[in-house]
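What follows is one structure encoded as structure tokens, with my remarks underneath.
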Amino acid sequence: GAGVSQSPSNKVTEKGKDVELRCDPISGHTALYWYRQSLGQGLEFLIYFQGNSAPDKSGLPSDRFSAERTGGSVSTLTIQRTQQEDSAVYLCASSLSGTSGHEQYFGPGTRLTVT
Amino acid sequence: GQNIDQPTEMTATEGAIVQINCTYQTSGFNGLFWYQQHAGEAPTFLSYNVLDGLEEKGRFSSFLSRSKGYSYLLLKELQMKDSASYLCAVKSTGGFKTIFGAGTRLFVKA
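Protein chains in written order, with my numbering: chain A, 468 to 582; chain B, 1012 to 1121.
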């Protein structure tokens, strides 16, 4: 009965390094979302996975950002050559399905700090 | 373009009623959500509207008018623990992604 989990909870990295953020959605949820939230701001949509369909990558801010979802479960968000403006909380959410009114359940987030 | 507008901050008194408005312009509409987010925590689901009208759930109610691109969240009998940010989010039909507003920070004072 676990909720959405994310790791690491905090990540400090040097500018120019690559980072990988992990998300374990709720078992059975077919939809998975990644968002970015800067301090005091709303959620910025990054990418959306629905089952085996091609992901909606329209929110990824640059080609340094990529994400994959293996086996329809765990997802990894990768940021290459990190920049200071990438510093934010990265939130993952899952829902039973993305095609109806099912609410999203959020993980605790990964706080990324790029120095 | 896609845009969701909410007031940045609101202040209300414990025990009172507060209404948080949200207006939206999106490419397609497939439902509107309200989420609550306490400082330093993840958002949690409050309500969902897809048809016009009022949805009531305890102290919280949410209203939707699709023709006006307008929703509000009504909080009754305010408690100190209701101090949080309230996020309005619209699910579009194109790709089914969800667009979030910047959120309204509500301060409940004694």
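Backbone N, C-alpha and C define an ideal beta-carbon position, used for all residues, glycine too.
With DSSP collapsed to three states, give me the class of Glu570 of chain A. As a first step, residue 570 of chain A is located in the first sequence; it is residue number 103 there, counting from the start. In the structure shown, Glu570 of chain A sits in coil (DSSP, three-state: anything other than H, G, I, E or B).
For chain A, is any of its Cβ atoms less than 7 Å away from the one on Tyr1059 of chain B? The residue labelled residue 1059 of chain B in the question sits at position 48 within the second sequence. Yes, Tyr1059 of chain B lies at the interface with chain A (some Cβ there is under 7 Å from its Cβ).
Quick one: complete beta strand (DSSP E) runs, 3+ long, within the segment 538-564 of chain A? 542-546, 555-562
Of all the CB atoms in chain A, is at least one closer than 7 Å to the CB of Gly1026 of chain B? Here residue 1026 of chain B refers to the residue found at position 15 when the second sequence is read from its first residue. Not an interface residue.
Could you work out which residues of chain A lie near Ala1171 of chain B, taking near to mean beta carbons separated by less than 7 Å? There is no way to answer for residue 1171 of chain B, as the model of chain B reaches only from 1012 to 1121.
For the structure I just gave you, are there three or more beta carbon pairs, one from the segment 1041-1052 of chain B and one from the segment 1093-1104 of chain B, closer than 8 Å? yes
Just to confirm the assignment: which complete beta strand (DSSP E) runs, minimum length 3, are found wholly within the segment 1044-1106 of chain B? 1055-1060, 1064-1068, 1071-1076, 1081-1086, 1095-1102
In terms of residues, what are the limits of the beta strand (DSSP E) holding Asn1041 of chain B? Residue numbering aside, residue 1041 of chain B sits at position 30 when the second sequence is read from its first letter. From DSSP, Asn1041 of chain B is part of no beta strand (DSSP E); its letter is neither H nor E.
Spatially closest choice to Thr549 of chain A from A:Glu570, A:Asp530, A:Thr537, by CA coordinates: As a position in the first sequence, residue 549 of chain A is number 82, starting the count at 1. It is A:Asp530 whose Cα lies nearest to the Cα of Thr549 of chain A.
Comparing the C-beta of Phe1157 of chain B with each C-beta of chain A, is any distance below 7 Å? Beyond the ends of chain B as shown, which are 1012 and 1121, falls residue 1157 of chain B; an answer cannot be given.
Flag this pair as touching only if the segment 478-488 of chain A and the segment 1072-1092 of chain B have three or more C-beta atom pairs under 8 Å; answer yes or no. no
List, in order along the chain, the chain B residues whose C-beta lies closer than 9 Å to that of Pro575 of chain A? The residue labelled residue 575 of chain A in the question sits at position 108 within the first sequence. By Cβ distance, chain B contributes Glu1052, Ala1053.
Given a cut-off of 7 Å, decide if Asp1016 of chain B and Thr1034 of chain B are closer than it, judged by their beta-carbon atoms. Looking up residue 1034 of chain B in the second sequence gives position 23. Looking up residue 1016 of chain B in the second sequence gives position 5. Yes, these two residues count as a Cβ contact at 7 Å.
Cutting at 7 Å between CB atoms, please list the residues of its own chain near Val581 of chain A, excluding the five before and the five after it. Numbered from its first residue, the first sequence carries residue 581 of chain A at position 114. If we look at Val581 of chain A and ignore the five residues flanking it on each side, its Cβ neighbours are Thr480, Lys482, Thr549, Gln550, Gln551, Asp553, Ser554.
For His570 of chain A, which residues of its own chain have a beta-carbon under 8 Å away from its beta-carbon, when the five flanking residues on both sides are left out? The residue you call residue 570 of chain A lines up with position 103 of the first sequence. The displayed chain sequence assigns Glu, not His, to residue 570 of chain A. Ser562, listed in sequence order.
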